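Structure first, then comments.
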Ligand SMILES: Cc1cc2nc3c(=O)[nH]c(=O)nc-3n(C[C@H](O)[C@H](O)[C@H](O)COP(=O)(O)OP(=O)(O)OC[C@H]3O[C@@H](n4cnc5c(N)ncnc54)[C@H](O)[C@@H]3O)c2cc1C
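Residue numbers (the numbering used here): 383 to 891.
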């Protein structure tokens with residue numbers, strides 16, 4: 383049975399791998415010349431700039447994510463770097479008792495707890511209450527929704543499910559807290575300001591902080607040395623080694639349908655590729671409203687398109703610099719408050735800026751040199767997308783104007799690097815949209831709403847269309863690589879089930 387897959391991002395590759403393992407003949411049609419989609423890095427001169435895999439959930443043994451990763455690539459062959467400090471946050475107003483204005487978010491929970499209590503013994507109770515849920519979370523395979531919860535098929539499995547009851551109670555207890563509401567629990571002004579600034583001044587549900595921290599502590603959210611493209615290529619190698627076929631530089635124009643049945647794909651030069659099953663692992667909006675001309679929709683889909691239910695995840699301005707200096711003495715990731723607000727050409731005002739120094743991955747730059755990125759998340763993506771489309775000189779001028787400001791800031795904060803900058807690369811929301819097709823340059827699909835465990839916004843099917851499936855990070859709000867591999871695996875299982883095939887995995891290493 384033949385399956386055509388649109389998109390060679392992580393979700394499409396994962397689905398392709400499992401379908402190959404289960405006897406399907408699959409073909410992936412990818413518009414780019416490389417695999418990975420948003421999971422990417424690129425080379426410019428002697429430098430490699432990375433854009434995705436800051437942390438891979440499940441990089442260490444012991445979680446179901448590790449099991450999935452290890453089914454699609456040989457995890458033992460990947461060297462993961464685990465940071466001791468997740469981020470260093472510069473404060474504007476308050477210093478701690480040592481006169482320092484920097485907050486260290488340690489990844490080791492014991493160290494973090496000791497650090498916080500040392501700084502604010504008066505908040506010991508609130509600090510312990512912050513750490514304790516993460517210790518409880520660590521008893522579980524996180525996130526719990528991603529386990530194959532089997533709905534009481536056997537007593538053993540039933541007992542396993544019971545285990546999650548404690549987690550659900552914990553979740554219900556803390557689900558409404560945000561970093562802002564939690565900050566208010568602290569008497570210590572330094573801790574209060576630190577918690578408010580953890581997400582660049584944004585108010586974020588505490589689960590977004592605590593679940594990753596619980597995982598970081600277990601050294602299971604590492605960065606893959608070599609970067610995102612090297613990582614994605616390993617998944618692609620598994621796919622082709624199982625007999626899958628990649629069709630690169632082949633954008634899919636339309637999904638061919640006949641009487642409510644998906645029949646194949648129309649690619650460039652109006653070449654048609656027919657198949658028994660079609661799976662789109664490309665952007666959601668493109669799939670539904672462009673490739674299928676909006677013919678297979680319902681009110682729920684219309685509400686999603688009109689952004690009545692969820693918002694689209696941030697897009698990003700990524701400034702990458704190749705600097706001919708050894709910057710090993712700097713922290714790998716820090717956020718600095720700005721003396722003056724920084725106005726982006728897209729109208730967003732920033733009060734802080736984040737610097738990512740890849741001094742922990744020697745494969746990204748020659749010895750003595752360093753790859754550095756500065757990222758600004760934005761919701762004003764239309765500015766960049768429209769300017770690139772309709773007014774290229776304005777687009778270029780806006781990029782140049784913003785880049786100059788960033789270089790000045792970098793020069794100030796990294797101690798005179800201006801003359802050592804050898805390579806500059808600027809990616810805007812228009813770049814992310816152009817290369818991967820993601821709607822409005824979203825970096826992770828939908829922005830999670832307040833209810834983090836809400837029902838998936840998108841499922842694997844479209845109303846009224848047979849032999850068609852959909853999987854990608856758009857399936858679950860929050861997106862990210864874990865969602866991409868989970869949806870890729872699950873959709874393959876769904877296809878097996880619909881075709882009376884008992885889903886199996888094949889050892890690949
Ligand atoms: C700056 C940045 C930082 C990130 N950091 C992290 C992180 O630290 N951890 C984490 O887990 N996640 C991170 N993410 C998110 C993660 O990269 C994505 O959620 C994930 O890679 C999405 O995978 P996907 O396969 O669902 O979609 P995509 O990667 O979007 O794949 C879709 C594929 O379909 C192709 N395609 C689209 N249209 C067509 C067409 N018409 N014809 C043919 N092919 C088409 C695209 O080219 C692409 O290859 C980050 C993303 C960005 C941009």
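Every residue, glycine too, gets a C-beta built ideally from N, C-alpha and C. These numbers come from a predicted model, not from an experiment.
Minimum Cα-Cα distance from residue 425 among the listed residues 717, 829, 807, 400 corresponds to 807. With the rule of 3 Cβ pairs closer than 8 Å, the segment 682-692 does not count as touching the segment 402-416. Here residue 856 carries a helix assignment [DSSP, helix/strand/coil]. A straight-line Cα-Cα distance of about 17 Å links residue 511 and residue 488. DSSP, reduced to helix, strand and coil, places residue 426 within a strand of the structure shown.
The beta-carbon distance between residue 861 and residue 826, rounded to whole angstroms, is 3 Å. This is short enough to meet the 8 Å contact definition.
Every alpha helix (DSSP H) stretch that sits fully inside the segment 387-423 and reaches 4 residues is listed by chain position as 392-403. About 6 Å separates the beta carbons of residue 733 and residue 720, which is inside the 8 Å limit, making them a contact pair. Taking residue 617 as reference, the option from 393, 578, 845 with the minimal CA-CA separation is 393. In this chain, residue 650 is not harboured by any alpha helix (DSSP H), its DSSP state being neither H nor E. Per the C-alpha coordinates, the member of 673, 482, 462, 550 positioned closest to residue 388 is 673. Residue pairing for residue 753: DSSP places it in a beta bridge opposite 704. Taking all protein chains shown into account, residue 478 has 16 or more neighbouring C-beta atoms within 10 Å of its C-beta and is therefore buried. For residue 608, the secondary structure class from DSSP, reduced to helix, strand or coil, is coil. Look at residue 654 here: in three-state DSSP terms it is strand. Checking the DSSP bridge columns, you'll see residue 735 partnered with 718. CA-to-CA, the gap between residue 811 and residue 855 works out to about 17 Å. When the alpha-carbon of residue 752 is set against those of 423, 400, 430, 395, the nearest one is in 430. In terms of side-chain proximity, the C-beta atom of residue 593 is found no nearer than 7 Å to any non-hydrogen atom of ligand 1. If you check the C-beta of residue 689 against ligand 1, you find no heavy atom less than 7 Å away. Collapsing the DSSP output to three states places residue 814 in a helix. Residue 873 and residue 506 have their C-alpha atoms roughly 46 Å apart. Residue pairing by DSSP puts residue 587 in a beta bridge opposite 560. Annotation for residue 578: 561, 562, 565 place their beta carbon closer than 7 Å to its own, counting only its chain and skipping 5 residues before and after.
For residue 556, the CB contacts under 8 Å within the same chain, skipping 5 residues up- and downstream, are 515, 588, 589, 592 in chain order. For residue 848, DSSP records a beta bridge to 643.
The segment 705-715 makes contact with the segment 460-474; the number of CB pairs closer than 8 Å reaches 3 or more. Within the DSSP secondary-structure output, residue 697 pairs in a beta bridge with 760. Beta-bridge partners assigned by DSSP to residue 627: 409. With contacts defined by Cβ atoms closer than 8 Å, residue 883 and residue 857 do not form a contacting pair. Remark: the shortest separation between the CB of residue 666 and any heavy atom of ligand 1 does not fall under 7 Å. Shown here for residue 508: same chain residues with a beta carbon closer than 7 Å to its own, the five before and five after excluded, namely 567, 568 in chain order. Beta-bridge annotation (DSSP): residue 603 is paired with 439.
Taking non-hydrogen atoms of ligand 1 into account, the C-beta of residue 609 is found less than 7 Å away from none of them. In the three-state reduction of the DSSP assignment, residue 744 falls in the helix class. In summary, residue 889 is exposed, with fewer than 16 beta-carbon neighbours lying within 10 Å of its beta-carbon over all protein chains present.
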